[in-house]
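Line order of the protein sequences matches chains A and B. Residues 848 to 962, numbered by our numbering, are exactly what the first sequence covers, in order. Residues 62 to 174, numbered by our numbering, are exactly what the second sequence covers, in order.
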Amino acid sequence: QKEVEQNSGPLSVPEGAIASLNCTYSDRVSQSFFWYRQYSGKSPELIMSIYSNGDKEDGRFTAQLNKASQYVSLLIRDSQPSDSATYLCAVNRGNYGGSQGNLIFGKGTKLSVKP
Amino acid sequence: NAGVTQTPKFQVLKTGQSMTLQCAQDMNHNSMYWYRQDPGMGLRLIYYSASEGTTDKGEVPNGYNVSRLNKREFSLRLESAAPSQTSVYFCASSAVVVAETQYFGPGTRLLVL
């Protein structure tokens with residue numbers, strides 16, 4: 848079974864701190880990795896995508912990928928109360944029969960940023 | 062440019078009733094998807110359509126059927142609703158299946174009594 852694992856949280860950080868969200872995946876041939884943010888009662892929206900080992904920065908968000916360790920993370924700098932949401936990690940299935948490319952989602956980590 | 066739209070937003074059904082959830086996208090995407098999201102279970106893929114004219118089963122297809130009506134529209138049908146199908150249903154689309162970002166619609170909340 849191909850899986851994506853996330854700590855369900857809740858992860859609570861004070862305003863202005865760095866929030867660190869982690870994700871591990873089991874399919875070694877996965878090539879595409881995504882972080883989605885989902886506010887309560889809303890649909891997932893893309894925060895970051897990353898395809899190569901290393902760091903990718905976009906504003907206050909940094910995605911980190913380590914394919915050897917099968918690990919992807921999202922750092923949120925200067926966390927704001929508006930960042931309070933559930934963060935979903937998604938990984939493509941890689942070369943896996945007819946479902947190549949389909950995403951597997953983790954169950955999400957709930958982040959709470961306290962003012 | 063509305064992105065991905067879904068109707069209805071909310072629906073209550075009785076066990077055994079049927080209904081169709083509608084999804085449309087205006088981004089000229091080739092691939093479309095139906096997910097369900099349940100507490101503690103995350104997003105699970107029901108069916109997907111890699112391109113117009115094709116549909117394939119995902120992780121949890123039992124009790125559902127789909128139709129890719131054209132490039133824009135992808136519908137999900139519950140022929141005989143069961144309480145276990147109470148969930149939030151999301152439609153998504155992407156330019157292509159492989160390695161591309163999926164964009165989600167606002168969701169349909171379905172309650173089966």
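Note that the Cβ used here is the ideal one computed from N, Cα and C, for glycine as well.
Terminal residues of the continuous beta strand (DSSP E) containing residue i?
i, result
"L175 (chain B)", "The structure shown does not extend to residue 175 (chain B), since chain B is modelled only from 62 through 174, so no value can be given for it."
"A915 (chain A)", "A915 (chain A) -> no beta strand (DSSP E), and no H or E assigned at all."
"Y150 (chain B)", "148-155"
"Q67 (chain B)", "65-68"
"G901 (chain A)", "901-905"
"Q853 (chain A)", "851-853"
In this structure, does DSSP put residue i in helix, strand or coil?
i, result
"S959 (chain A)", "strand"
"D930 (chain A)", "helix"
"P861 (chain A)", "strand"
"Q78 (chain B)", "coil"
"S92 (chain B)", "strand"
"S145 (chain B)", "helix"
"E140 (chain B)", "coil"
"G944 (chain A)", "Low local confidence applies: a pLDDT of 48 at G944 (chain A) is under 50, so the model's placement there is unreliable, with the coordinate-based value given in what follows. DSSP places G944 (chain A) in helix when its eight states are reduced to three."
"E161 (chain B)", "coil"
"S920 (chain A)", "strand"
"N939 (chain A)", "strand"
"R875 (chain A)", "coil"
"N949 (chain A)", "coil"
Report the option in the options whose CA atom is closest to the CA atom of residue i.
i, options, result
"I923 (chain A)", "A:A932, A:S916, A:A915", "A:A932"
"R138 (chain B)", "B:G64, B:N62, B:G77, B:A63", "B:G77"
"S918 (chain A)", "A:S879, A:S887, A:K961", "One point to set straight first is that residue 918 (chain A) is Tyr, not Ser, in the sequence displayed. Measuring from the Cα of Y918 (chain A), the nearest candidate turns out to be A:S879."
"F157 (chain B)", "B:R97, B:F151, B:S136, B:M93", "Going by the sequence as given, residue 157 (chain B) is Val instead of Phe. Of the listed residues, the one whose Cα sits closest to V157 (chain B) is B:M93."
"D925 (chain A)", "A:L950, A:C870, A:P962", "A:P962"
"G64 (chain B)", "B:E161, B:S154, B:T162, B:L172", "B:S154"
"P857 (chain A)", "A:N900, A:S867, A:V851", "A:S867"
"I107 (chain B)", "B:G101, B:P100, B:T116", "B:T116"
So is residue i in contact with chain C if we call contact Cβ pairs under 8 Å?
i, result
"N854 (chain A)", "Note that chain C does not occur in the displayed structure, where the protein chains are A and B."
If contact means a Cβ-Cβ distance below 9 Å, which residues of the region 104-127 of chain B contact chain A? Residues L104, R105, L106, Y109, A111, D117, K118, G119, E120.
Tell me the start and end of each unbroken beta strand (DSSP E) in the region 92-131 of chain B that is at least 3 residues and wholly inside, in chain order. 92-99, 103-110, 125-129
Chain-ordered residues of the region 888-899 of chain A with a beta carbon less than 9 Å from chain B: Residues of the region 888-899 of chain A with a Cβ closer than 9 Å to any Cβ of chain B, in chain order: G888, K889, S890, P891, E892, L893, S896, Y898.
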